[in-house]
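In what follows, a structure is listed as structure tokens, so that the remarks can point back to it.
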């Protein structure tokens, strides 16, 4: 079993006595006897421990009873990983080797430390992130999935955990005796597989993502009587950008997503045209940085957690969740992006998760190693996926409905695809039929050339679909928020003047405000938006600034509180001062000129 390299200075830096003295105001000194636990796998860790005296052993332990040492840390070092920023369960055990004196810094104070001590905070943050990466690579502290690696439900759960940067292991009962015994005891029926064995010993039979998340403690129980300054629905680039800018300005922020952070961008194998990353960066790495960055500033993440309805009273907005809870917020940002379009093939649903895939991660890539595959789509997402999969697949048949890739794909990707000898692009071509076994495992694909009518059928077991997306606005259906003809959210001057005018008083909505006062939209879900990662991040920054204008105007109308703050104004997303008494038109101009997003840290 792999262990973490304790010689890595960035992963395990040592603080000087003077630096530890600077941290004392953030924590409380605790003492632990030899052998006493500081934290255990699966239970919420109380925060970060800065060791003053004595040593601590950090050990990985899985739910099946296997354990292995990771590292021993001594005076001047700190024990934590990135989960301690938000009070998540621990992935490892920590026990005192001898008499230990440690400074315990709880999550709220750890986030304050990051802001108030930037040089120390940078070193600590880098170490926390590197430790999480090492834990993911080792599969330490998360659930153990038991089932065949090509099982659709195993792939589903692996994808969910991987996209949430959550450590896990996979054991095949055909090859592992411990796994085989658990299957014999707990899963007599094939439909019970896969099993998910959680750190605290809970065994789930073929759980859905929400059940697994609840058993792992991924979604915290929130205060029911709290009203957040901002609720963000969607944790893609636009939602994460909003969370970073709003939380960094001191607003209380809660973020919801039904599946994982990153949205469609998070599934991109490599993004090469985002400013500041000349060597490119994977979508998960880019959005993963933003996810941690938002938590650094105090944003609360509720993933996976689905919002099903939006309503409002005179005093607040309400988000209704699938579990029956209603979360209150002063403002709401709709950043739900878009959902993948599906092929127009009658039996498509039979093969989704069994050969038809809507993203291309290493999990799906390993299934098609040395096989011929079909990839449908002609946009940048399709191009990025093709370039990534070409290292695994024997041959990629790339089907494009249009006359060429030039209509929808960046030139650098077109040039790269032309240079790859195992990718063949077929234009004006589409899939017309899928065939499979009784177990609904796809076996053959038929496609049609729309120019000459020629049909081709090949023994292919995997189809990757990147044919665009539809706006994820179904949950807004009864809210009264104005949508365009394709169900994208209308904002700013695009909102018809006669639509629910009382929601915005006598004035027009702010540029990214919807027809409902205090509700904003950004990113791919917004009508007229540019469907690019950079544009979504930029809109998140603009919304972050507009929230201050909306809150100032709302306070002035409801309680006159804006007069109390008029000497200061409110701070926008880039630290600019917005005068609550300036005209709305002038505020619009300031916001558009000034709220330019910085590249992710």
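Residue numbers (the numbering used here): 41 to 641. The beta-carbon is built from N, C-alpha and C at its ideal position, and this holds for glycine as well.
Fill in: Whole-Å CB distance - residue 582 paired with residue 552, under 8 Å assumed
Residue 552 and residue 582 do touch by the CB rule: their CB atoms are close to 6 Å apart, below 8 Å.
Worksheet item: Taking three-plus beta-carbon pairs below 8 Å as touching, is the stretch 171–184 in contact with the stretch 93–110?
Response: Touching, per the Cβ criterion.
Practice prompt. Mind the definition here: the stretch 548–568 touches the stretch 266–279 only if three or more C-beta pairs lie below 8 Å; say whether that holds.
Written response: Short answer: they touch.
Worksheet item: Smallest Cα separation from residue 382: which of 491, 81 and 509?
Response: Cα-wise, what sits closest to residue 382 is 509.
Fill in: Backbone CA spacing between residue 537 and residue 557 [nearest angstrom]
Note on geometry: alpha-carbon atoms of residue 537 and residue 557 lie some 13 Å from one another.
Worksheet item: Closest Cβ-Cβ distance between residue 142 and chain D: below 8 Å?
Response: Absent here is chain D; the protein component of the structure consists of one chain.
Item to complete: With a cut-off of 8 Å on the beta carbons, I'd call residue 372 and residue 350 a contact; round off their distance for me.
Response: Confirmed, Cβ separation roughly 7 Å.
Worksheet item: How should residue 566 be labelled, buried or exposed, when 16 other C-beta atoms within 10 angstroms of its C-beta is the threshold for buried?
Response: Of the other Cβ atoms in all chains shown, 16 or more fall within 10 Å of the Cβ of residue 566; this residue is therefore buried.
Item to complete: Please confirm if the stretch 455–474 is in contact with the stretch 426–441, defined as three or more CB-CB distances below 8 Å between the two stretches.
Response: Yes, since at least three Cβ pairs between the stretch 455–474 and the stretch 426–441 fall closer than 8 Å, the two stretches touch.
Worksheet item: Excluding the five sequence neighbours on either side, which residues of its own chain have a C-beta within less than 7 Å of the C-beta of residue 152, listed in chain order?
Response: Excluding residues up to 5 positions away in sequence, 66 lie with their Cβ nearer than 7 Å to the Cβ of residue 152 in the same chain.
Worksheet item: Cα separation between residue 110 and residue 141?
Response: Straight-line measurement puts the Cα of residue 141 at about 21 Å from the Cα of residue 110.
Item to complete: Note the first and the last residue of the continuous beta strand (DSSP E) segment covering residue 486.
Response: Taken as a continuous stretch (DSSP letters only), the beta strand (DSSP E) holding residue 486 covers 482–489.
Worksheet item: Cα separation between residue 475 and residue 202?
Response: Taking the straight line from one Cα to the other gives about 30 Å.
Worksheet item: Counting along the chain, where does the beta strand (DSSP E) carrying residue 192 start and finish?
Response: For residue 192, there is no enclosing beta strand (DSSP E); the enclosing alpha helix (DSSP H) has its first and last residue at 192–203.
Worksheet item: For residue 218, which residues from the same chain have a beta carbon less than 8 Å from its beta carbon, with the 5 sequence-adjacent residues on both sides left out?
Response: Excluding sequence neighbours, residue 218 sits near 104 and 211.
Worksheet item: Considering only the beta carbon of each residue, do residue 272 and residue 375 sit closer than 8 Å?
Response: Residue 272 places its beta carbon less than 8 Å from that of residue 375.
Discussion item. On the criterion of 16 or more Cβ atoms from any shown chain inside 10 Å, does residue 130 qualify as buried, or is it exposed?
Written reply: Residue 130 comes out buried.
Item to complete: With a floor of 4 residues, list each alpha helix (DSSP H) that falls wholly inside the stretch 498–567, ordered by position along the chain.
Response: Listed in chain order, the alpha helix (DSSP H) runs fully inside the stretch 498–567 amount to none, counting runs of at least 4 residues.
Worksheet item: How many Å lie between residue 613 and residue 570 at the Cα?
Response: Low local confidence applies: a pLDDT of 33 at residue 613 is under 50, so the model's placement there is unreliable, with the coordinate-based value given in what follows. Their Cα atoms are separated by approximately 21 Å.
Item to complete: Kindly indicate which three-state DSSP category residue 129 falls into: helix, strand or coil?
Response: In the three-state DSSP reduction, residue 129 falls in the strand class (E or B).
Item to complete: Please determine, among 520, 461, 293 and 312, the residue with the shortest C-alpha to C-alpha distance to residue 453.
Response: The shortest C-alpha separation from residue 453 is found at 312.
Practice prompt. Consult DSSP for residue 106 and reduce its assignment to one of helix, strand or coil.
Written response: Coil, per DSSP.
Fill in: Segment contact flag, the stretch 493–503 with the stretch 410–421, C-beta cutoff 8 Å, min 3 pairs
These segments touch.
Worksheet item: Cα separation between residue 68 and residue 410?
Response: About 57 Å.
Worksheet item: Looking at C-alpha atoms only, which residue of 208, 361 and 54 is the closest neighbour of residue 164?
Response: Checked all of 208, 361 and 54; the closest Cα to residue 164 is 54.
Worksheet item: Looking at the structure shown, is residue 332 part of a helix, part of a strand, or coil, going by DSSP?
Response: If DSSP states are grouped into helix, strand and coil, residue 332 belongs with the helices.
Worksheet item: Taking only runs of the beta strand (DSSP E) that begin and end inside the stretch 299–385, which ones reach a length of at least 3 residues, in chain order?
Response: Taking only runs of at least 3 residues, the beta strand (DSSP E) segments lying wholly in the stretch 299–385 are 340–342, 347–352, 357–361, 366–374 and 378–380.
Worksheet item: Taking the continuous beta strand (DSSP E) assigned at residue 476, which residues delimit it?
Response: That run of the beta strand (DSSP E) goes 469–476.
Discussion item. I need the straight-line Cα distance from residue 507 to residue 307, nearest angstrom please.
Written reply: Separation of residue 507 and residue 307 (C-alpha to C-alpha, rounded to the nearest whole angstrom) is 14 Å.
Worksheet entry | C-alpha distance - residue 48 paired with residue 116, whole-angstrom precision | The straight-line gap from Cα to Cα measures roughly 15 Å.
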